[in-house]
Amino acid sequence: MLEFFERFDEEKYGTDGGPLHDPCVIAYLLKPELFRGRNCNVTVETASELTMGMTVIDWWGVTKRPNNAMVMRDIDHDALFALLLERLGRL
1 MLEFFERFDE EKYGTDGGPL HDPCVIAYLL KPELFRGRNC NVTVETASEL TMGMTVIDWW
61 GVTKRPNNAM VMRDIDHDAL FALLLERLGR L
C-alpha cells in the first residue's frame with residue numbers, strides 16, 4: 001500500500017516518498033516531542049458548491065473562533081524513523 005501512495009505522491013506532487021499518516025498518529029501518542037504544531041480553528045466547509053468538504057484552517061485567528069485542533073507543521077524525521085525501526089524490530 002505504501003508503494004502505491006509513494007508513486008502517486010511522487011507523480012502528482014513531486015515529493016520524495018509517501019504519507020505515513022497512521023504511523024505518525026502512533027508516534028505522536030508515544031513521543032509527542034517529535035512533532036511541532038500550532039493550535040488553530042479547523043472547520044470543514046459544508047455550504048459552498050465549489051469548496052464543499054474542504055478543510056479550512058484559520059492560521060491567523062481571522063474568524064475569532066476558538067482553537068479546536070493542533071495542526072502539525074513539522075516533525076523530527078530522523079527520530080521518527082528511528083522510533084519506527086525500533087518498534088518494528090520488536091515484532
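Position 52 of the sequence shown, counted from 1, bears residue number 52 in this note's numbering, the numbering being contiguous throughout.
A virtual CB, placed ideally from N, CA and C, is assigned to each residue, including glycine.
Note that the coordinates shown come from a computational prediction; the quantities given were computed from them, not determined experimentally.
For chain B, is any of its Cβ atoms less than 7 Å away from the one on Glu33? No chain B appears in the structure shown, which is made up of a single protein chain.
Closest to Glu33 by C-alpha separation, out of Leu84, Arg90 and Leu80, would be which residue? Here the closest residue by C-alpha is Leu80.
Residue of Ile57, Thr55 and Leu84 minimising C-alpha distance to Leu20: Nearest of Ile57, Thr55 and Leu84 to Leu20, Cα basis: Leu84.
Please classify Ala82: is it buried, with 16 or more other beta-carbons within 10 angstroms of its beta-carbon, or exposed? Exposed: under 16 other Cβ atoms inside 10 Å.
Should Val71 and Arg38 be called a contact, given that it needs their Cβ atoms to be closer than 7 Å? Yes; because the gap between Cβ atoms is below 7 Å, this pair is in contact.
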